[in-house]
Amino acid sequence: MKKARLIYNPYSGDRSFRYRLDLVIDKLERGGYEVTPYRTMSVEDIYESVERSGDCDCIISSGGDGTLNHVISAMIKNDIHVPLGIFPSGTANDFATHVGIPKRVTAACDVIVKGKTMDYDVGKINDRYFVNVAAAGLLTDISPKIDTNMKNTLGKMAYYIKGIEQIPNFRAIPVTIKQNDNIIKASIYLFVILNGSTAGGFKLAPGATARDGKLNLIAIKACSMVDLINFFIKMLKGEHLESNNVIYLTGDKFTIECDEKLDTDIDGEAGPTFPLDIGVERRRIKVFAP
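Pasting the structure below:
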């Protein structure tokens, strides 16, 4: 039988995955995998578990984008190149959604058992990796500030509630964005850099894929409250990239500078400080995909 290390966060999402663990192990074993589950209680646990997975034929992550980020980062750090299985059991599962992995655990098991894999890009920001999104500015530091119980109880609604609380704190941020010889100085409310197409459940970069060796940078310029509201309305319709208040760039390398103290976010976790050197490592990870 093949060896699989199952790394799961028992407190992700609605916390229900732990009650389906026996079902998952049974289904994977019937599919030819000897499963070793590893229950994580901290980021350090994830890195320790991955480090001890050198003899495994695959690693499986159960949790949200944050858990997945640490699993993949640990795999890269330890030079482990086995296929990665994903159970999207967190509150935010944007990368799994992009790949097309179903939320239902039995269906996600089928994806792993069938054995089809695809290679995906990984973004790099300074000395950190991100699988889905790196961001800074308005609304982007919400996830680390949300109480875990609130997140697990309300799901994505917790993000929206916390976002409304930030409205009185809207302020423009002066940044310098460099891409090759192109230098843009602008005051913006936020920027997101996508490896795939989706963030926060919204398709921000329609048509983008995490397999093309490119990243997509979207920044919202400082504008009036009316224009900002119109932007979010356009975003719901998928028309936001046409807005005059948007900077949209595609490429494999960016540098972003900001003189202000500003928090960054990578896959829902606290990110590095400015200046930011951002790039992409093409086809860096192998993922079980439908």
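Those letters in the sequence shown? Residues 1098 to 1387, per the numbering used here, in order.
Note that the Cβ used here is the ideal one computed from N, Cα and C, for glycine as well.
- Met1098 is a Cβ neighbour of Glu1131, given a cutoff of 8 Å.
- Met1215 is the residue among Phe1299, Arg1136 and Met1215 whose C-alpha sits nearest the C-alpha of Ala1307.
- Nearest neighbour of Lys1174 by Cα position, chosen from Leu1338, Phe1328, Val1219 and Gly1368, turns out to be Val1219.
- For Arg1127, the enclosing alpha helix (DSSP H) has its first and last residue at Leu1118 to Arg1127.
- Residues Ile1285, Phe1288 and Ile1344 of the same chain have their beta carbon placed closer than 6 Å to that of Ala1316, with the five preceding and five following residues left out of the count.
- Here the alpha carbons of Lys1221 and Arg1102 stand approximately 25 Å from one another.
- Linking Gly1368 to Asp1360 through their CA atoms gives a straight-line distance of about 7 Å.
- In the displayed model, Arg1136 falls within a strand according to three-state DSSP.
- Shown here for Ser1150: same chain residues with a beta carbon closer than 7 Å to its own, the five before and five after excluded, namely Arg1102, Ile1156 and Ile1177 in chain order.
- When DSSP states are grouped into helix, strand and coil, Ala1193 belongs to the helix group.
- It is roughly 8 Å from the alpha-carbon of Ile1382 to the alpha-carbon of Ile1169.
- Ile1143 and Ala1171 do touch by the CB rule: their CB atoms are close to 6 Å apart, below 8 Å.
- Among the bridge pairs identified by DSSP, Ser1159 is matched with Tyr1105 and Phe1184.
- DSSP lists Ile1222 as the bridge partner or partners of Arg1225.
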